[in-house]
Amino acid sequence: MPREAIKSYPLRLPPSRTEFEEFGLAMAGRAVCSGCGSFYFEKSWHHPSRDKSKIYGAPFIMCPACRMIKDRVFEGELIIENVPEKSFGELEKLIRAYSARAFEEDCQHRLIDLLGYEDSIVATTTENQLANKLAKKIKDAFNRVDIRIANARAPSDFNLVKIVFAPA
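Counting in full-length UniProt numbering, the sequence shown runs from 1 upward without gaps.
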């Protein structure tokens with residue numbers, strides 16, 4: 001009895017959710033960021049350590065956050081409009097302090113830029129979640145604000161968060 005030939009068809013399956021990595025596949029080994037001094041081991045970036053044995057002989061590269069800052073790329077943008085004059089300094093201090101706490105938890109969560117204009121503030125962050133959390137924190141601190149969040153489509157992680165203060 002002769003065997004029948006099996007015809008194969010090209011089959012393209014969609015990639016699994018776990019296959020996609022934001023910054024590509026994790027590299028093996030160790031590295032030190034030439035910008036901020038953070039070091040990479042065990043497949044993630046960590047704050048600079050006093051223990052130099054972990055980073056001895058490691059090559060110098062740029063971490064994803066430093067690369068984003070250098071390339072002027074950001075994931076989260078926070079636009080705050082109609083800021084009352086008396087709350088301007090307090091709001092800037094709140095944004096800087098909250099971003100500093102986020103940086104202490106994860107060395108890749110950073111405030112890139114904080115620009116103050118006549119009645120508005122624009123803050124850019126390396127993480128879209130940081131922009132969302134900042135907006136919620138501002139809403140908790142100042143009750144009279146309206147928040148609108150716009151997310152980019154699938155391949156991008158960009159978030160635009162717009163906060164408008166209600167007139168006094």
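The C-beta atom is built at its ideal place from N, Cα and C for all residues, glycine as well.
Considering only the alpha carbon of each residue, which of the options lies closest to residue i?
i, options, result
"Glu-118", "Gly-89, Gln-108, Thr-126", "Gly-89"
"Asp-140", "Phe-165, Ser-156, Pro-155, Ile-121", "Phe-165"
"Ile-138", "Val-83, Ala-28, Ala-154", "Val-83"
"Arg-144", "Ser-87, Gly-29, Met-62, Met-68", "Ser-87"
"Gly-35", "Glu-75, Cys-63, Val-122", "Cys-63"
"Glu-104", "Phe-41, Pro-10, Pro-48, Leu-13", "Pro-48"
"Lys-43", "Phe-142, Ile-55, Ala-26, Leu-114", "Ala-26"
"Ile-147", "Ala-100, Lys-7, Leu-114, Asn-159", "Asn-159"
"Ala-102", "Lys-133, Ser-120, Leu-78, Pro-155", "Lys-133"
Three-state secondary structure (DSSP) at residue i?
i, result
"Glu-105", "helix"
"Arg-148", "strand"
"Asp-113", "strand"
"Gly-89", "helix"
"Ala-58", "coil"
"Ala-123", "strand"
"Ala-97", "helix"
"Cys-36", "coil"
Kindly give me the distance between the Cβ atoms of residue i and residue j, rounded to whole angstroms, as I take these residues to be in contact under 8 Å.
i, j, result
"Ile-112", "Thr-126", "6 Å"
"Gly-116", "Glu-92", "7 Å"
"Ile-61", "Cys-33", "7 Å"
"Ser-120", "Arg-110", "Not confirmed; about 21 Å, so no contact."
Against chain C, with Cβ distances strictly below 7 Å, would residue i count as a contact?
i, result
"Leu-11", "Protein chains in the displayed structure number just one, and chain C is not present."
Quick one: give me the first and last residue of the beta strand (DSSP E) that residue i is part of.
i, result
"residue 237", "Not covered by the structure: residue 237. The range shown for the chain is 1 to 168."
"Ile-79", "76-81"
"His-46", "44-46"
Residue i lies in the alpha helix (DSSP H); which residues open and close that run?
i, result
"Ala-141", "128-141"
"Cys-66", "64-70"
Inspect the beta-carbon positions of residue i and residue j and report whether they are closer than 7 Å.
i, j, result
"Trp-45", "Ser-38", "yes"
"Gln-108", "Ala-65", "yes"
"Ala-135", "Val-161", "yes"
"Gly-76", "Ala-131", "yes"
"Ala-31", "Pro-59", "yes"
"Ile-80", "Ile-163", "yes"
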